Amino acid sequence: MIFLWAFLIGGGICVLGQIMFDVFKLTPAHTMSTLVVIGAIVDGVGLYEPLVKFAGAGATVPITSFGNALVHGALTELHDQGWIGVISGIFKVTSAGISSAIIFSFLAALVVRPKG
Amino acid sequence: MATKSKSNYKKMAMSPKEYQSFAKSMEPPRSILGNCLKAFVFGGALCVLGQAIQELYVHGMGMTEEAASNPTVATLILMSVIVTSLGVYDKIAQWAGAGSAVPVTGFANSMCSAALEHRSEGLVLGVGANMFKLAGSVIVFGTVAAFFVGIAHLILGTGGQ
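What follows is the structure, given as structure tokens:
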């Protein structure tokens, strides 16, 4: 059942992005930034966690979950460490995504021969 | 023939603004509904793949769901980097639009393709300096938004949770 919801919710978020592309004529960078901010705000009001429980990877794979993870790190640290957590916690949860993207991309650039 | 093409050419002489509206009228109509359907199907399928990988980590390696989300994202990113390196991701993106851009694989694709594109300029000035050319705005706006959400929670005294 979780697979069906993952498909529907994940696909739905992608449609949201496609509508920003086609209807509002936003560039990919503007669209992604907007989606990340939306994800951050949704987690800020405490609604992203229930969405993850409900749709699994349908909520964690789209880029909105990046905004959610940034906020989540900040709020968890705020809870544990006080006000400095707003600064120190932001990248706590997202390290895996950003680090692996940097490392794998760098290795790819070393190995793959540039075309042309 | 020559005169005809010349007269055609004359007809085309117009100001940039006129040309832009002319070019716009000649664009093939983009089927928004069709694009949305493709984005829905491909984006949804990627999420199902992500869910399958996560289930694999949860049931195959005994991780909790929360602990499994990090390796799941890392696996998807690795796949995306491999597909990008083979030059296939761009072709998929032509078809799937936002369906391939919105998932985390699109984020990895933007970094990897920037790294590959600027490889010839060197590792430091090319790969290092350009990797975040596209992904940077996502990180900047995400971080700033997270900061303000955190500040809002601090001010409202909700204690973060």
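Same order as they appear, the protein sequences are chains W and Y.
Heads up, the first sequence is in this note's numbering, so the first residue is 38 and it goes up one at a time.
Heads up, the second sequence is in this note's numbering, so the first residue is 2 and it goes up one at a time.
Ideal Cβ positions, reconstructed from N, Cα and C, are used throughout, including at glycine.
Predicted model only: the values in this text are computed from it and were never measured.
Positions of the alpha helix (DSSP H) runs, each at least 4 residues long and wholly inside the segment 93-125 of chain Y, are given as 99-102, 105-118 in order along the chain. CA-CA distance, T73(Y) to I54(Y), rounds to 6 Å.
Note that the C-beta distance between F128(W) and A99(Y) is not below 7 Å. The contact set of F143(W) on chain Y, defined by CB atoms closer than 7 Å, consists of A116, V128 in chain order. Take the alpha-carbon of G49(W) and the one of A14(Y): they are about 45 Å apart. Taking C-beta atoms as the reference points, L72(W) and T101(W) count as a pair closer than 7 Å.
As a beta-bridge residue in DSSP terms, P99(W) pairs with P104(Y). Taking a 10 Å sphere around the C-beta of F91(W), we find fewer than 16 other C-beta atoms and assign the residue as exposed. For L107(W), the neighbours in chain Y by C-beta distance under 7 Å run, in chain order, G143, T144, A147. Contact between the segment 96-116 of chain Y and the segment 126-133 of chain Y is present, with at least three C-beta pairs closer than 8 Å. A straight-line Cα-Cα distance of about 10 Å links I140(Y) and A147(Y).
The three-state secondary structure of I124(W), taken from DSSP, is helix. Note on geometry: alpha-carbon atoms of F141(W) and V52(W) lie some 28 Å from one another. Segment contact: the segment 19-38 of chain Y against the segment 58-72 of chain Y, fewer than three CB-CB distances shorter than 8 Å; contact not assigned.
Residue contact check for S125(W) against chain Y: no CB pair falls below 7 Å. Under the three-state reduction of DSSP, G83(W) is assigned to coil, being neither helix nor strand.
Per the coordinates, the alpha-carbon of I135(W) lies some 30 Å from the alpha-carbon of G158(Y).
Here F44(W) really is in contact with G45(Y); their C-beta atoms are around 4 Å apart, less than 8 Å.
A distance of 7 Å or more separates the beta carbons of M112(Y) and A146(W).
Residues of chain Y whose Cβ lies closer than 7 Å to the Cβ of L63(W) do not exist; the shortest such Cβ separation is about 10 Å.
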